[in-house]
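Participant: Just so you know, the protein sequences line up as chains W and S, in that order. When we follow our numbering, the leftmost residue of the first sequence carries the number 297, and every step to the right adds one. When we follow our numbering, the leftmost residue of the second sequence carries the number 16, and every step to the right adds one.
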Amino acid sequence: MNEILVVIIRGLIAFFTLLIFTRLLGKQELSQLTFFDYINGITIGSIAASLTTDLNNRAFTVWMGLATWTGAVFLLHIITLKSRYVAKYLDGEPTIVIMNGKLMKAAMRKMRYRTSELMAQLRTKNIFDISQVEFAILETSGLLSVLKKSSYEPVTREDLYIPTKYIGLSVELISDGKIIDQNLKQIKLDRYWLEDQLKSREIHDPSEVFLAVIDTQGNLYIDKYNDCVENPIDISDYYGPN
Amino acid sequence: MNSRSIIAYLLPVFIILLFIVIMLSPLLFKGNKVAQQIEALTSDIDNENWPAANNNYTILVQEWQKSIQRIQFGENRDDINELTRNIVRLKGLIKSQDKNNALSELTEAEYRWDSIGM
C-alpha cells in the first residue's frame, strides 16, 4: 500500500468534493453567516480533512458523512427559503437593542448581550457617543446595524439639491489583451468600433492592452502593458517576499 | 442551453461519480482470486498437502499484492494491514506444518477478505 499516493488521491477527492459542494450551497457572504452556518462550515471542513489524512477510515464512509452534512445544510437552505416561519424559527430574528435612542434592556438581557459588546460594536462603526444613535438592531449574524439620528448624518447631494448623473456599471471590453466579444455585443458595439478607438490612441493591436473598460457615459479607459509609471512611489521598507 | 453550459453542469456530476467509483473500488474491483486461493490453501492444509500449500501460498501473496493496488484508495489501512499480517503469519505456519494454527489463520483471513468493501 502506497500511503503517499493514497493521501494524494484522497486529498484530491476531498478538495474537489468540497469545491463542488460549496458551489452547491451558494454564495452566502461570510459576514452574514449565522453561528450555526459557521459551525456547519467548520464541521464540513473537518470531515474533508479527515477524508484526506485519516487512512484508518474507509473513504466512502467519510465521504458520505461529508455529503450528509452538505445535504442537510442544503435542505435547511431550501426550507428556510420556502418558509418564512421556519427561517425565523431556525435563524432567529433581528433584535432592536436601541429604539428612539433608548436602550432596550429587556431584549438585551434575553439575548445575554452586554452593554460593553454594544459599545464595542458601535465603536467599529465610528460611533463613540451612544446618544447619536436612533436605532440599533442586532442581526442574526451577530452584526449590529445602526441608524444615526438625522442631525448626526452627513449632508448628501440630495439635501443640497445638487444634480447627479447616473453612474451605472462599467463594462470590460479587453482583458489581458483579449477582446471580450460577449460584452461588446451586450452594449451594442463591435470589434470595428473598438479597433477604431484603439487606433485613435495609437494602439495597433488589442494584445497591447492590459485592460479596456467603458463606462455608461461612453468614456473608454485603457491601460496598456507598456505604460508603466516612470518613478513609482515605493511605500515598502521591507525587502522580503510580500 | 448551449454545449458549454451543458458541460458546466455535467462535469461536476461526472467528477462526483468518478470519485464514488474510486472510493467504492474495494467493493467493485476486489475480485475473487484471493478468496479462491484462500479456499485452495484451506483444502491443501486440511489434507496436509504441504508442497501444494507452498505453491498456493505464493500465488495468494501475488494476488493479494495485486488486490491492494486496486482497493487501497477506498479501503481503510488497518483492514489491509491486518489481512497482510494474517498472510505473513501463514507463511511460518505452513513452513512449520502447523495445521491447526494455519487453518485458524486462514479462517480469520477469509473473514477479513469478506469484510473488505462491505
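Beta carbons: idealized from backbone N, C-alpha and C, even for Gly. In this text the structure is predicted, and so the values were computed from the model without any measurement.
Taking the continuous alpha helix (DSSP H) assigned at Y488/W, which residues delimit it?
Facilitator: Numbered from its first residue, the first sequence carries residue 488/W at position 192. Start and end: 487 to 496.
Participant: Around the C-beta of A402/W, are 16 or more other C-beta atoms found within 10 angstroms, so that it is buried, or is it exposed?
Facilitator: Here residue 402/W refers to the residue found at position 106 of the first sequence. Label assigned to A402/W: exposed.
Participant: Whose C-beta lies closer than 6 Å to the C-beta of Y448/W among residues of the same chain, with five residues either side of it excluded?
Facilitator: Numbered from 1 along the first sequence, position 152 holds the residue referred to as residue 448/W. Correct list, in chain order: Q428.
Participant: Kindly indicate if chain S contains any beta-carbon less than 8 Å away from that of R354/W.
Facilitator: The sequence position of residue 354/W within the first sequence is 58, counting from 1. Interface flag for R354/W against chain S is set, since a Cβ pair is found closer than 8 Å.
Participant: Mind checking whether L347/W and V358/W have CB atoms under 8 Å apart?
Facilitator: What you label residue 347/W is simply residue 51 of the first sequence in a count that begins at 1. What you label residue 358/W is simply residue 62 of the first sequence in a count that begins at 1. Yes. Within cutoff.
Participant: Distance check for I83/S and I95/S, CA to CA, integer angstroms please.
Facilitator: Indexing the second sequence from 1 puts residue 95/S at position 80. Indexing the second sequence from 1 puts residue 83/S at position 68. Near 7 Å, if we compare the C-alpha coordinates of I83/S and I95/S.
Participant: Does the segment 367 to 379 of chain W come into contact with the segment 405 to 415 of chain W, if we say contact requires no fewer than three beta-carbon pairs (one atom in each stretch) closer than 8 Å?
Facilitator: no
Participant: So which residues on chain S does F312/W lean against when the C-beta distance must stay under 8 Å?
Facilitator: The residue you call residue 312/W lines up with position 16 of the first sequence. Neighbours of F312/W on chain S, chain order: I30, F34.
Participant: Going straight from the alpha carbon of N189/S to that of Q77/S, what length do you get?
Facilitator: In the structure as shown, chain S begins at 16 and stops at 133. Residue 189/S is therefore absent and cannot be evaluated.
Participant: According to DSSP, E63/S sits in a beta bridge with which residue or residues?
Facilitator: As a first step, residue 63/S is located in the second sequence; it is residue number 48 there, counting from the start. E63/S pairs with nothing; no bridge assigned.
Participant: Mind pulling the chain S residues with CB within less than 8 Å of N298/W?
Facilitator: Numbered from 1 along the first sequence, position 2 holds the residue referred to as residue 298/W. Those are Q87, listed as they occur along chain S.
Participant: Do you know whose CA, among I518/W, Y517/W, A355/W, lies nearest G307/W's CA?
Facilitator: Position 11 of the first sequence, counted from the first residue, corresponds to residue 307/W. Minimum Cα distance to G307/W is reached at A355/W.
Participant: Here's a check: name, in chain order, each residue in its chain whose Cβ is nearer than 7 Å to the Cβ of S40/S, leaving out the five neighbours to either side.
Facilitator: The residue given as residue 40/S occupies position 25 in the second sequence. Counting only Cβ-Cβ distances below 7 Å, and skipping sequence neighbours, we find R85, I86, F88, G89.
Participant: Roughly how far, in whole angstroms, is the beta-carbon of L490/W from the beta-carbon of N479/W, given that I think they are within contact range, below 8 Å?
Facilitator: Stepping through the first sequence from its first residue, residue 490/W is reached at position 194. Stepping through the first sequence from its first residue, residue 479/W is reached at position 183. About 10 Å separates the two Cβ atoms, so there is no contact after all.
Participant: At which residues does the alpha helix (DSSP H) containing S342/W begin and terminate?
Facilitator: One-based indexing of the first sequence puts residue 342/W at position 46. It spans 331 to 349 - the alpha helix (DSSP H) in which S342/W sits, taken as one unbroken run.
Participant: Which residues bound the alpha helix (DSSP H) around M404/W?
Facilitator: Against the first sequence, residue 404/W aligns to sequence position 108. Run containing M404/W: 401 to 406, per the alpha helix (DSSP H) assignment.
Participant: If you measure beta-carbon to beta-carbon, which residues of the segment 335 to 369 of chain W are closer than 7 Å to chain S?
Facilitator: L351, N352, N353, R354, A355, F356, W359
Participant: Which residues of the segment 99 to 116 of chain S have a Cβ closer than 9 Å to any Cβ of chain W? Give them in chain order.
Facilitator: T99
Participant: With DSSP collapsed to three states, give me the class of T57/S.
Facilitator: For this step, residue 57/S is matched to residue 42 along the second sequence. Residue state, collapsed to three classes: helix.
Participant: Strictly by DSSP, which residues pair up with A508/W?
Facilitator: Sequence index remark: in the first sequence, residue 508/W carries index 212 (1-based). Beta-bridge pairing links A508/W to I470/W, I518/W.
Participant: What does a CB cutoff of less than 6 Å around K48/S pick up in its chain, not counting 5 residues either side in sequence?
Facilitator: Sequence index remark: in the second sequence, residue 48/S carries index 33 (1-based). The answer, listed in chain order, is E78.
Participant: Is it right to say I483/W is buried, meaning 16 or more other beta carbons lie within 10 angstroms of its own, or is it exposed?
Facilitator: Counting from 1 along the first sequence, the entry for residue 483/W is found at position 187. For I483/W, the number of other beta carbons within 10 angstroms of its own is below 16, and it is reported as exposed.
Participant: Please report the straight-line C-alpha distance between I510/W and D501/W, rounded to a whole angstrom.
Facilitator: Here the question's residue 510/W lines up with position 214 in the first sequence. Here the question's residue 501/W lines up with position 205 in the first sequence. For I510/W and D501/W, the distance between alpha carbons rounds to 18 Å.
Participant: In angstroms, rounded to a whole number, what distance separates the CA positions of S503/W and S437/W?
Facilitator: Along the first sequence, one-based indexing puts residue 503/W at 207. Along the first sequence, one-based indexing puts residue 437/W at 141. Rounded to the nearest angstrom, the two C-alpha atoms are 46 Å apart.
Participant: Assign M133/S to one of two classes, buried (16 or more other C-beta atoms within 10 Å of its C-beta) or exposed (fewer than that).
Facilitator: By one-based count along the second sequence, residue 133/S stands at place 118. Label assigned to M133/S: exposed.
Participant: Leaving out five residues on either side along the sequence, give the residues of the same chain with a beta carbon under 8 Å from the beta carbon of A124/S.
Facilitator: On the second sequence, residue 124/S is found 109 positions in, with the first residue counted as 1. The residues are I53, L98, N101, I102, L105.
Participant: Cα-Cα, which of Y462/W, Q417/W, I458/W is closest to V442/W?
Facilitator: Start at 1 with the first residue of the first sequence, and residue 442/W comes out as number 146. Closest option to V442/W, Cα to Cα, is Q417/W.
Participant: Using a Cβ distance threshold of 8 Å, determine whether the segment 333 to 340 of chain W contacts the segment 362 to 369 of chain W, with at least three qualifying pairs required.
Facilitator: They touch, by the three-pair rule.
Participant: According to the neighbour-count rule (16 or more other Cβ atoms, all chains shown, within 10 Å of its Cβ), is K45/S buried or exposed?
Facilitator: Translated into positions along the second sequence, residue 45/S becomes position 30. So K45/S ends up on the buried side.
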